[in-house]
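Participant: The following block contains the structure, expressed as structure tokens.
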Amino acid sequence: DGGITQSPKYLFRKEGQNVTLSCEQNLNHDAMYWYRQDPGQGLRLIYYSQIVNDFQKGDIAEGYSVSREKKESFPLTVTSAQKNPTAFYLCASRGTGGPNTEAFFGQGTRLTVV
Amino acid sequence: GQQVMQIPQYQHVQEGEDFTTYCNSSTTLSNIQWYKQRPGGHPVFLIQLVKSGEVKKQKRLTFQFGEAKKNSSLHITATQTTDVGTYFCAGPGDSNYQLIWGAGTKLIIKP
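Taken in sequence, the protein lines are chains E and F.
So the first sequence is numbered by the working numbering: it starts at 1 and just counts up by one.
So the second sequence is numbered by the working numbering: it starts at 1 and just counts up by one.
So, in structure tokens, the structure goes:
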């Protein structure tokens, strides 16, 4: 089945540790996105990528890093510089149809700092 | 910068009552998309509106795009427990790949 896979579903991290969240898609989409969602809040864009080996900062990129070495994969690293990393992280992708294409989301990763 | 404002933030209704959420953009939009996020889940695409004044229906859901293509609404008739969740609107940003999201409206069914 085509779709986006995020792993793990739940993740616990100790303060001061970096952690990497996985996002893989087999939809052949060029654009991929990472969003952060806090309880009862909307979606805030962390990073997005339009093409392999290229990515742009979103509204809240500080404390996060990404890579886009393959079209299918867009991992997100939450670094120790992120002051309040506990949140729900959503990965999404969109096709090449421009602004009229819908976004497909993964199931999300719930990160908790302990 | 470009913004999409969505109201209300929450709406509490009795089952069987109607529900409406509104989105307003600071700029004219080429299209607007609507998504639903169930509690604990991820956003799922519902529909896209493209034409000025467009109205689309999906069973009890009615979506409208304003004549000026700067506002949109989602109306649910006779809400059911399956409608519970947060509804988001999203419009295109400055680049083809950007999406500007509304803050979402959470539909809560009163017990």
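Glycine is no exception: its CB is placed at the ideal position from the N, C-alpha and C atoms.
Ordered along the chain, which non-local residues of its own chain (more than five positions away) have a Cβ less than 6 angstroms from that of residue 16 of chain E?
Facilitator: Locating residue 16 of chain E in the first sequence gives position 16, counting from the first residue. Excluding positions up to five away in sequence, the list reads 80.
Participant: What are the start and end residues of each continuous alpha helix (DSSP H) run of 4 or more residues lying completely inside the stretch 25-63 of chain F, in chain order?
Facilitator: Restricted to the stretch 25-63 of chain F, not a single alpha helix (DSSP H) segment is unbroken, complete and at least 4 residues in length.
Participant: Taking only beta carbons into account, state which residues of the stretch 100-114 of chain E come closer than 7 angstroms to chain F, listed in chain order.
Facilitator: 100, 102, 103, 105, 106, 107, 108
Participant: Contact between the stretch 95-105 of chain E and the stretch 8-18 of chain F is defined here as three or more beta-carbon pairs at a separation below 8 angstroms; is this criterion met?
Facilitator: no
Participant: In terms of residue numbering, what span does the beta strand (DSSP E) encompassing residue 84 of chain F cover?
Facilitator: One-based indexing of the second sequence puts residue 84 of chain F at position 84. Here residue 84 of chain F belongs to no beta strand (DSSP E), and DSSP marks it neither H nor E.
Participant: Work out the CA separation of residue 77 of chain F and residue 65 of chain E for me, nearest whole Å.
Facilitator: Residue mapping note: residue 65 of chain E aligns to position 65 of the first sequence, counting from 1. Residue mapping note: residue 77 of chain F aligns to position 77 of the second sequence, counting from 1. Their Cα atoms are separated by approximately 43 angstroms.
Participant: Quick one: is residue 64 of chain E near chain F, going by C-beta distance under 8 angstroms?
Facilitator: Stepping through the first sequence from its first residue, residue 64 of chain E is reached at position 64. Not one chain F Cβ lies under 8 angstroms of residue 64 of chain E.
Participant: Reducing DSSP to helix, strand and coil, say where residue 8 of chain F ends up.
Facilitator: Stepping through the second sequence from its first residue, residue 8 of chain F is reached at position 8. Correct three-state label for residue 8 of chain F: coil.
Participant: Give, in chain order, every unbroken run of the beta strand (DSSP E) that is at least 3 residues long and sits entirely within the stretch 31-103 of chain E.
Facilitator: 31-37, 44-51, 54-57, 64-66, 76-78, 87-94
Participant: Select from the stretch 66-80 of chain F all residues with a C-beta closer than 9 angstroms to any C-beta belonging to chain E, and list them in chain order.
Facilitator: none
Participant: Would you be able to state if there are at least three C-beta pairs under 8 angstroms between the stretch 20-30 of chain F and the stretch 87-98 of chain F?
Facilitator: yes
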